[in-house]
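Enquirer:
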DNA sequence: GTTATTTTACTAACTGGTTAGTTAATAATG
DNA sequence: CATTATTAACTAACCAGTTAGTAAAATAAC
């Protein structure tokens, strides 16, 4: 951990340090929120002195914003590569929903930061979060909306408010992970094991297929096809949220 | 505000003070989270000295738990009165979903506390939250699951994983309010105005009707009937989340 | 029914630990 | 040697929780 000190040029190592700080910040902020996170802890995770945080970032809040942008960027890259323009609108929507599901659990930190940011926004906190919305969410959402409009026009998808379809499709995924701790307590079966998630992922896509297509049989086929083409990614690609050995 | 001091017995006034503290705590914790909330601020909102918090509650965290239980209790009462056993399972489900929608926006503080509690649970925080889950969520959720099973057996509802139907129905509602700040930035149309919510409420129920019933026409009728019977409650019944005049 | 004693409800002012942020000095690098 | 990266040590503010006290209500004593 204290190695790799003699490699490369100074500025390259500086970049590396900076991004280590950012990673540590993402982790600490996502686990504890802006108020709960401790700068000392971020420094320790990153393996640097606390003062270095202030060398690279103006303040705790600036670091928070930078951390938010980091994860947003990752999500943008991940979601852009998901759509497959040569398939039917309906199939692309299903594909997108499946990708969204996988994204949530591999990017737990993003989800967590988002949730907390929502609460902050509710309070009317001044943001600079707007730019993330513009860069990440707007293009994604409007792209999906256009696909839905097209699918409905073609008669592949049921007539409905486009945004409602999004709320239903993405909301089900978000709610699954959001409620996981409660469900865990409620049914003493942990919803975050690989088996549980694999099941939910399948069922979630199948239900979407049954919900939004005019021809439910066609919907079921699309769902099956998409599921077959997209295996669930290995878990633990990012090992955020591992329990710390105190 | 400084009146009503000469009324009633001492212990009655004490009860009143205690509940004023709890209300203040609900508000402060829901806006700022456990770590972000300030005891001094809670005291100020309640109009008492900070030390009084420690007279009534052991610690900040004990107060937090008490606040959580307060709102959970309210929600339980609200949701129990929603089901109408003389209707068909499908109609009861739709009724429940509509009630859930209305509950979210009239009990914003609960939603907010829940979200934050989810994050805390994710981290494996020790809870005593379990009792709330047992008392509020488990009875509610299992009741709904049984209704779904019945509806599917009768052929009224489409065959699907019961929990998935819940994730879809409730997730869409939750996600609407969860994403409201982002959508607000994205489309500069505030989703939390009365008109926007009235529209979403209607569309959300209609979409549910189109999704879970074997006979989509019957589903549409049920949705229309439920909507007709249940006008949207006046907003601002609880004025949590009003902006504070600093 | 008045007086003395205890209990309850509440506050002003303090304390000590914590934590965001600074400074000044020191390595490393080019 | 001048610039850049990094740290140890410090400070000022903040904030959860305490203490020591008071006024009034409830209760007991006479």
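Chains as they are written, first to last, in this note's numbering: chain A, 2 to 247; chain B, 2 to 247. For every residue, glycine included, the Cβ atom is placed at its ideal position computed from N, Cα and C. Source: prediction; values computed, not measured.
For residue 242(B) and residue 111(B), I'd like the C-alpha separation in whole angstroms.
Expert: Start at 1 with the first residue of the second chain, and residue 242(B) comes out as number 241. Start at 1 with the first residue of the second chain, and residue 111(B) comes out as number 110. The predicted position of residue 242(B) is uncertain, since its pLDDT is 38 and thus under 50; a value taken from the coordinates is nonetheless stated next. Going by the C-alpha atoms only, they are around 11 Å apart.
Enquirer: Contact check, residue 53(B) vs residue 67(B) under 8 Å by CB: the rounded distance?
Expert: Translated into positions along the second chain, residue 53(B) becomes position 52. Translated into positions along the second chain, residue 67(B) becomes position 66. With 8 Å as the limit, residue 53(B) and residue 67(B) do not qualify as a contact, their Cβ atoms being about 14 Å apart.
Enquirer: Starting from the N-terminal side, write out each stretch of the alpha helix (DSSP H) that is 4 residues or longer and does not extend beyond the region 70–107 of chain B.
Expert: 90–107, all fully within the region 70–107 of chain B.
Enquirer: Of the choices 101(B), 154(B), 72(B), whose alpha-carbon is the least far from that of residue 271(B)?
Expert: Since the first residue shown for chain B is 2 and the last is 247, residue 271(B) is missing from the structure and cannot be characterised.
Enquirer: Let's test the definition: count the other Cβ atoms within 10 Å of the Cβ of residue 81(B) and tell me whether it reaches 16, buried, or not, exposed.
Expert: Numbered from its first residue, the second chain carries residue 81(B) at position 80. It is exposed - the Cβ of residue 81(B) has fewer than 16 other Cβ atoms within 10 Å.
Enquirer: Which one or two residues does DSSP pair with residue 214(A) in a beta bridge?
Expert: Taking the first chain and counting its residues from 1, the one referred to as residue 214(A) is at position 213. Paired residue(s): 158(A).
Enquirer: Out of 106(B), 123(B), 132(B), 131(B), which one is the CA nearest neighbour of residue 174(B)?
Expert: Here residue 174(B) refers to the residue found at position 173 when the second chain is read from its first residue. For residue 174(B), the nearest C-alpha among the options comes from 106(B).
Enquirer: Does residue 65(B) have its Cβ less than 7 Å from a Cβ in chain A?
Expert: For the purposes of this step, residue 65(B) is taken as the residue at position 64 of the second chain. For residue 65(B), the answer is no, since every Cβ of chain A falls outside 7 Å of its Cβ.
Enquirer: For a contact meaning CB atoms closer than 7 Å, what does residue 182(A) contact in chain B?
Expert: In the first chain, residue 182(A) corresponds to position 181, counting from 1. Chain B residues near residue 182(A): 119, 122, 123.
Enquirer: Considering residue 129(B), what are the terminal residues of the alpha helix (DSSP H) in which it resides?
Expert: Your numbering for residue 129(B) matches position 128 in the second chain. Note, residue 129(B): premise wrong, no alpha helix (DSSP H); not H, not E.
Enquirer: In terms of residues, what are the limits of the alpha helix (DSSP H) holding residue 174(A)?
Expert: As a working note, residue 174(A) is residue 173 in the first chain. Segment 163–179, the alpha helix (DSSP H) holding residue 174(A).
Enquirer: Using a Cβ-Cβ cutoff of less than 7 Å, which residues in the same chain neighbour residue 40(B) once the five nearest sequence positions on both sides are dropped?
Expert: The count along the second chain starts at 1 and reaches residue 40(B) at position 39. Closer than 7 Å at Cβ, skipping near neighbours: 51, 54, 61.
Enquirer: Alpha carbon to alpha carbon, how far is residue 48(B) from residue 3(B)? Give it in angstroms, no decimals.
Expert: To locate residue 3(B), count along the second chain from 1; it is residue 2. To locate residue 48(B), count along the second chain from 1; it is residue 47. Confidence is the limiting factor: at residue 3(B) the pLDDT is only 33, short of 50, which leaves the residue's position unreliable, though a coordinate-based value still follows. Distance between the alpha carbons of residue 3(B) and residue 48(B) is about 9 Å.
Enquirer: Is there at least one Cβ from chain A nearer than 7 Å to residue 45(B)'s Cβ?
Expert: Counting from 1 along the second chain, the entry for residue 45(B) is found at position 44. No, its Cβ sits nowhere closer than 7 Å to a Cβ of chain A.
Enquirer: By alpha-carbon positions, which one of 102(A), 113(A), 18(A), 30(A) ends up nearest to residue 170(A)?
Expert: Mapped onto the first chain, residue 170(A) falls at position 169. Measuring from the Cα of residue 170(A), the nearest candidate turns out to be 102(A).
Enquirer: Is the CB of residue 186(B) under 7 Å away from at least one CB in chain A?
Expert: Locating residue 186(B) in the second chain gives position 185, where the first residue counts as 1. Answer yes: the Cβ-Cβ gap between residue 186(B) and chain A drops below 7 Å somewhere.
Enquirer: Just how far apart, CA to CA, sit residue 9(B) and residue 18(B)?
Expert: Along the second chain, read from residue 1 onward, the residue named residue 9(B) stands at position 8. Along the second chain, read from residue 1 onward, the residue named residue 18(B) stands at position 17. Roughly 13 Å between the two C-alpha positions.
Enquirer: Are the beta-carbon atoms of residue 223(B) and residue 37(B) separated by less than 7 Å?
Expert: For the purposes of this step, residue 223(B) is identified with residue 222 of the second chain, where counting begins at 1. For the purposes of this step, residue 37(B) is identified with residue 36 of the second chain, where counting begins at 1. No, Cβ-Cβ distance for residue 223(B) and residue 37(B) is not below 7 Å.
Enquirer: Rounded to whole angstroms, what's the CA-CA distance from residue 240(A) to residue 74(A)? Just pull it up for me.
Expert: Locating residue 240(A) in the first chain gives position 239, counting from the first residue. Locating residue 74(A) in the first chain gives position 73, counting from the first residue. Unreliable placement is indicated for residue 240(A), whose pLDDT of 40 sits below 50; the coordinate value is still reported in the next sentence. Answer to the nearest angstrom: the Cα atoms are 18 Å apart.
Enquirer: Going straight from the alpha carbon of residue 117(A) to that of residue 216(A), what length do you get?
Expert: For the purposes of this step, residue 117(A) is taken as residue 116 along the first chain, with counting starting at 1. For the purposes of this step, residue 216(A) is taken as residue 215 along the first chain, with counting starting at 1. Approximately 39 Å, taken between the alpha carbons.
Enquirer: Take the Cβ of residue 15(B) as the centre, count every other Cβ of all protein chains shown within 10 Å, and call the residue buried at 16 or more, exposed below.
Expert: The count along the second chain starts at 1 and reaches residue 15(B) at position 14. Label assigned to residue 15(B): exposed.
Enquirer: With a 10 Å radius around its C-beta and 16 neighbouring C-beta atoms as the bar for buried, classify residue 24(A) as buried or exposed.
Expert: Residue 24(A) sits at position 23 when you count from the first residue of the first chain. By the 10 Å Cβ count, residue 24(A) comes out buried.
Enquirer: With a threshold of 7 Å between beta-carbons, can residue 251(A) be considered close to chain B, or not?
Expert: Any question about residue 251(A) goes unanswered here, given that chain A covers just 2 to 247.
Enquirer: So what's residue 13(B) in DSSP terms, helix, strand or just coil?
Expert: The residue labelled residue 13(B) in the question sits at position 12 within the second chain. In this structure, residue 13(B) counts as helix in the three-state DSSP scheme.
Enquirer: Measure from the C-beta of residue 39(A) to each C-beta in chain B and report whether the shortest distance is under 7 Å.
Expert: One-based indexing of the first chain puts residue 39(A) at position 38. Output row for residue 39(A): interface = no.
Enquirer: Quick one: using the 10 Å Cβ neighbour count with 16 as the cut-off for buried, is residue 98(A) buried or exposed?
Expert: Residue numbering aside, residue 98(A) sits at position 97 when the first chain is read from its first letter. When all chains shown are included, residue 98(A) counts as buried.
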